[in-house]
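Asks: Handing you a structure now.
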Amino acid sequence: MAHQYIGYAVFLPLIGFLINGLIGRKIKSESLVGIIGSAAVAIGFIIAASILVEMLGSPPDERSHIVYLFNWITAGDLSVSVAYQVDQLSVLMMLIVTGVGFLIHVYSIGYMHGDPGFWRFFSYLNLFIFTMLNLILADNFLLMFLGWEGVGLCSYLLIGFWYDRKFEKGTTGDAAKKAFIVNRIGDFGFLIGMFLIFTTFGSLNFSTVFAHASMLSVGTPIVMWITLALFLGATGKSAQIPLFVWLPDAMAGPTPVSALIHAATMVTAGIYMVARCSVLYALAPATMEVVAIVGACTALVAASIGLVQNDIKKILAYSTVSQLGYMFLALGVGAFAAGLFHVLTHAFFKALLFLGSGAVIHAMHEEQDIRKMGELKSHLPTTYKTFLVGTVAIAGIPPLAGFFSKDEILWKSFAHGYYVLWFMGLVGAGLTAFYMFRLLSLTFDGEKRWDPGKHPHEAPATMTIPLIILAVLSAIGGFVGIPASLGGGNAIEHWLDPVFEKANEKMLLAGHDVEAIEYVLMALSVGVAIAGIFLARKWYLQRSEIPDRLSARFAGLYKLLLNKYYVDEAYDAVVITPAAKGSEKLLWRGIDVGVIDWFVNALAAAFGFVSKTMRVVQTGVAQSYALVFLAGVIAIVGWLITR
Amino acid sequence: MQLSLSAYLGLSAILFTIGVAGVLLRRNAIVVFMCIELMLNSVNLSLIAFSSYRGDITGQVLVFFVMAVAAAEAAVGLAIVIALFRNKQTVNIDEVNILKW
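Residue numbers (the numbering used here), protein chains in the order written: chain X, 12 to 654; chain G, 60 to 160.
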């Protein structure tokens, strides 16, 4: 039974982390370090794949297992064990994490070649895989939280991997701190949610909590608070409004990190968590609406920022934020399976795009400004072809992966009656197609604008082979979810059905028959995407004066978008500056110096004063002590006599 | 002739008072020391007197203890005085206030 070996899949990356982290510096051979790191993940993928095969061979209601490893914490009513829940949802996530993770490990062998921190990089990557697997496989909230915090730590370590490099106004270390602190705000929500769950249901085990929860009626207030608090955690980890600001800065890390952590896996943890708690969310329609609205707004806002950015990785970062918004939109409208489907396809094409951008940055000697690129397709043919596949996939052109998952989300939001959100998603889809083809055109087509001293060259095979594999997956990955209207069986939705069964019962969502309007919407979203592509090609290849004219005419809007709606500045003014000033003026100078230090100093001064006064009694003359002694004796004897 | 008990006790009290006064008023460490011995011996005298008067041997036994303690105390006390004199060239206790802050 393959699922019994799940522990190996989780703990081998930990062993890889320990080997590379402790003695990696001594291992002189880069390829050995790389092989240790990659093999640990590869074995995890093999185990995940064999679990999938085992599940496919058993009936749907016997596919879920809990693998108990050991007891972790027991205190009072709280009992938490390290146990892994192997079901349709977690095995899907596990395949993504280990599969894409393995490809990115292989890619990193080429990308990080010659870096003095090569061994450190691989040990961090392995630690990340370990914590991520804990997050997605945990059978209780606390173990999930361990993974949740662990991936945040790895994200921090890897964003600041080149900790002495300049990044925007500071160093990469500042970007790492920003990511960590913003995530902490979300984690606070997760913690509150967890406390509420424990006080409400008396357990942290998924099975117990969800069994109790499914007996509650829809709209129970406490469940709304629990889900809202958990969703705050999700907005932090998955970079949604209002906590999305860290993800664009996370691009300070090496590009494979951006691909693995900040596109394919870690940022989808929030979506996974909401999907895992689908029963709770189904009980709180108000929260579901919040999730859907936040998702749609994020999708639109991030896409609009992506229109005008010039840093190749920044565009992809905003694109990631936007795509994550789509996933939350799907969750919010009750289409959990569609959200997970988009997680899958997005992992393929966004990892591909990031790795492709890494190959470009590698070839251009750390140049990331797309205004200084152009005409790279003849120099990087493999990268160009794979990047093109990824771009078409994310733009939503059939039959590539992005089309099926994005269309499923848009269709579900329309079918469930969220017309405004559907429209926002549709506009976002057009913007996505536009900014991605703008990126592609400026980078690979047109005339060359780079410095004459540079000689771009194709990346080594360790980098191109993962690109090719991911390109193939981006092209065909959508076929697991072909909707019924296009003659498919929507395999992924049926695969995930048992996981979301209870949630779907609560929401009373009936299955939809194929309707004519579905084809209309499909044609509409493809039309919008093609329009976006067409505009981008025309503006940036033939009539390159149009974007300049537009930005001049709408200077205010352009500046607003270029400066990302001034969200960072607003947070600076509203949160960071008051916190810093308040800490200095009130907490430091006021409370710390004025109250706490004052009290301690006053206490010491009082003791000093009393001692100074009492000290005169100690004359040092033995006879005066004897006199006092005598007086005492007389007093006691006198008292004894006269009483 | 047989002296009364109160005569012994009176002498003992006078000796004790002289001893106390000496300890409190004199400044020479040796004299103070001798006055302490005087106090001890005045107590010894009254113990012996009570012992003889009551025909009880316990008082005399106790006096031996006091004398043993006094001998030990004399040895330690004189050693301190000698050490003090070697260090400070004086036995005037007004000048010995080095433990004062």
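Quick reminder that beta carbons are idealized off the backbone N, C-alpha and C, glycines included.
Bear in mind the structure is a predicted one, so any value in this text is a computation, not a measurement.
#1: Within its chain, find whatever has a CB closer than 6 Å to the CB of P558/X; leave out the 5 residues flanking it on each side and keep chain order.
#2: Alpha carbon to alpha carbon, what distance is there between V64/X and I17/X?
#3: Which chain X residues sit within Cβ distance under 8 Å of N156/G?
#4: What does the Cβ neighbour count give for K325/X, buried or exposed, with the cut at 16 atoms within 10 Å?
#5: Taking 9 Å as the CB-CB cut-off, is T651/X touching chain G?
#6: I'd like to confirm the pairing. Which residues does DSSP put opposite T182/X in its beta bridges?
#7: Following the continuous beta strand (DSSP E) through H76/X, name the residue where it begins and the one where it ends.
#8: Is L391/X near E458/X, with beta carbons less than 9 Å apart?
#9: Could you list which residues in chain G have their beta carbon closer than 8 Å to that of A637/X, in chain order?
#10: To be precise: take each residue of the region 155-182 of chain X, compare its Cβ to all Cβ atoms of chain G, and keep it if any distance is under 9 Å. Which residues remain?
#11: By DSSP, does Q99/X sit in helix, in strand, or in coil?
#12: How long is the line joining the alpha carbons of V120/G and A615/X, rounded to whole angstroms?
#13: Helix, strand or coil: which one does DSSP assign to L227/X?
#14: Residue range of the alpha helix (DSSP H) that N146/G falls in?
#15: Since R287/X is in the alpha helix (DSSP H), which residue starts that stretch and which ends it?
#16: If you run the structure through DSSP and keep just helix, strand and coil, what is S92/X?
#17: Nearest-angstrom Cα distance between H357/X and A280/X?
#18: Comparing alpha-carbon positions, which option in S269/X, F132/X, F152/X, P509/X lies nearest S656/X?
#19: CA-CA distance, D260/X and P71/X?
#20: Indicate the three-state DSSP secondary structure (helix, strand or coil) for D380/X in the structure shown.
#21: Using 9 Å as the limit for Cβ to Cβ distance, is L614/X near chain G?
#22: State yes or no: is the beta carbon of I152/G nearer than 9 Å to at least one beta carbon in chain X?
#23: Give the interface partners of V79/G over in chain X, defined as CB-CB distance under 9 Å, in chain order.
#24: Using the C-alpha atoms, what's the distance from E580/X back to I323/X?
#25: Could you have a look at A591/X and say whether DSSP puts it in helix, strand or coil?
#26: Give the list of continuous alpha helix (DSSP H) stretches no shorter than 4 residues that lie fully inside the region 377-463 of chain X.
#27: Measure the CB-CB distance between G336/X and A295/X and report whether it falls below 9 Å.
#28: Evaluate L33/X with the Cβ neighbour count: other Cβ atoms within 10 Å of its Cβ, from every protein chain shown; 16 or more gives buried, anything less gives exposed.
#29: Taking the alpha helix (DSSP H) that T473/X falls in, what are its first and last residues?
#30: Any Cβ of chain X within less than 9 Å of the Cβ of V91/G?
#31: Rounding to the nearest angstrom, what Cα-Cα distance links I120/X and W83/X in this structure?
#32: With H, G and I counted as helix, E and B as strand and the rest as coil, what does DSSP make of N501/X?
#33: Kindly indicate the opening and closing residues of the alpha helix (DSSP H) around I233/X.
#34: From the DSSP output, read off the bridge partner residues of A149/X.
#35: If you check the beta carbons only, do I282/X and V344/X fall under 9 Å apart?
Replies: Straight from the coordinates:
#1: What you label residue 558/X is simply residue 547 of the first sequence in a count that begins at 1. Within the same chain, P558/X has close Cβ partners W550.
#2: If you number the first sequence from 1, residue 17/X lands on position 6. If you number the first sequence from 1, residue 64/X lands on position 53. Whole-angstrom Cα-Cα distance: 14 Å.
#3: Walking along the second sequence from the start, residue 156/G turns up at place 97. Near N156/G (Cβ distances below 8 Å), the residues of chain X are T630, G631, V632.
#4: Counted from its first residue, the first sequence places residue 325/X at position 314. Residue environment analysis places K325/X among the buried positions, since at least 16 neighbouring C-beta atoms fall within 10 angstroms of its C-beta.
#5: In the first sequence, residue 651/X corresponds to position 640, counting from 1. At residue 651/X the sequence reads Leu, which differs from the Thr that was named. Taking Cβ atoms only, chain G never reaches closer than 9 Å to L651/X, which makes this a no.
#6: Translated into positions along the first sequence, residue 182/X becomes position 171. Per DSSP, K177/X.
#7: Position 65 of the first sequence holds residue 76/X. Under the DSSP assignment, H76/X falls in the beta strand (DSSP E) whose first and last residues are 76-86.
#8: Counted from its first residue, the first sequence places residue 391/X at position 380. Counted from its first residue, the first sequence places residue 458/X at position 447. No, the pair does not count as a contact, with Cβ atoms beyond the cut-off.
#9: Within the first sequence, residue 637/X is the residue found at index 626, counting from 1. Within 8 Å Cβ-Cβ: V82, L83.
#10: None of the residues of the region 155-182 of chain X has a beta carbon lying less than 9 Å from any beta carbon of chain G.
#11: For this step, residue 99/X is matched to residue 88 along the first sequence. Looking at Q99/X - three-state DSSP - the assignment turns out to be helix.
#12: On the second sequence, residue 120/G is found 61 positions in, with the first residue counted as 1. On the first sequence, residue 615/X is found 604 positions in, with the first residue counted as 1. In a straight line, the C-alpha of V120/G is about 55 Å away from that of A615/X.
#13: For the purposes of this step, residue 227/X is taken as the residue at position 216 of the first sequence. DSSP places L227/X outside both helix and strand once states are collapsed to three, so it counts as coil.
#14: Counting from 1 along the second sequence, the entry for residue 146/G is found at position 87. N146/G -> alpha helix (DSSP H) spans 117-147.
#15: As a first step, residue 287/X is located in the first sequence; it is residue number 276 there, counting from the start. Where R287/X is concerned, the enclosing alpha helix (DSSP H) stretches over 280-287.
#16: For the purposes of this step, residue 92/X is identified with residue 81 of the first sequence, where counting begins at 1. DSSP places S92/X in strand when its eight states are reduced to three.
#17: Taking the first sequence and counting its residues from 1, one reaches residue 357/X at position 346. Taking the first sequence and counting its residues from 1, one reaches residue 280/X at position 269. If I take the Cα positions, the gap works out to 13 Å.
#18: The shown model of chain X, from 12 to 654, leaves out residue 656/X, and the question about it has no answer.
#19: As a first step, residue 260/X must be located in the first sequence, where it is residue number 249. As a first step, residue 71/X must be located in the first sequence, where it is residue number 60. One alpha carbon belongs to D260/X, the other to P71/X, and they sit about 42 Å apart.
#20: Here residue 380/X is taken as the residue at index 369 of the first sequence, counted from 1. In this structure, D380/X counts as strand in the three-state DSSP scheme.
#21: Within the first sequence, numbered from 1, the residue matching residue 614/X stands at position 603. Contacts with chain G at 9 Å (Cβ-Cβ) do not include L614/X.
#22: Taking the first residue of the second sequence as position 1, residue 152/G is located at position 93. At least one chain X Cβ lies under 9 Å of I152/G.
#23: By one-based count along the second sequence, residue 79/G stands at place 20. By Cβ distance, chain X contributes A637, L641.
#24: As a working note, residue 323/X is residue 312 in the first sequence. As a working note, residue 580/X is residue 569 in the first sequence. In a straight line, the C-alpha of I323/X is about 22 Å away from that of E580/X.
#25: Here residue 591/X refers to the residue found at position 580 of the first sequence. If DSSP states are grouped into helix, strand and coil, A591/X belongs with the helices.
#26: Counting whole runs of 4 or more residues, the region 377-463 of chain X contains the alpha helix (DSSP H) stretches 392-406, 412-426, 430-455.
#27: Residue numbering aside, residue 336/X sits at position 325 when the first sequence is read from its first letter. Residue numbering aside, residue 295/X sits at position 284 when the first sequence is read from its first letter. In this structure, A295/X does not lie closer than 9 Å to G336/X by Cβ.
#28: Taking the first residue of the first sequence as 1, we reach residue 33/X at position 22. Per the 10 Å Cβ criterion, exposed.
#29: Walking along the first sequence from the start, residue 473/X turns up at place 462. It spans 472-487 - the alpha helix (DSSP H) in which T473/X sits, taken as one unbroken run.
#30: As a first step, residue 91/G is located in the second sequence; it is residue number 32 there, counting from the start. By this cut-off, V91/G is an interface position.
#31: Position 109 of the first sequence holds residue 120/X. Position 72 of the first sequence holds residue 83/X. Near 36 Å, if we compare the C-alpha coordinates of W83/X and I120/X.
#32: In the first sequence, the residue the question calls residue 501/X occupies position 490. Taken through DSSP and simplified to helix, strand or coil, N501/X comes out as coil.
#33: Counted from its first residue, the first sequence places residue 233/X at position 222. Residues 232-248.
#34: For the purposes of this step, residue 149/X is identified with residue 138 of the first sequence, where counting begins at 1. Partner(s): Y95/X.
#35: Mapped onto the first sequence, residue 282/X falls at position 271. Mapped onto the first sequence, residue 344/X falls at position 333. Their beta carbons are not under 9 Å apart, which means I282/X does not touch V344/X by this criterion.
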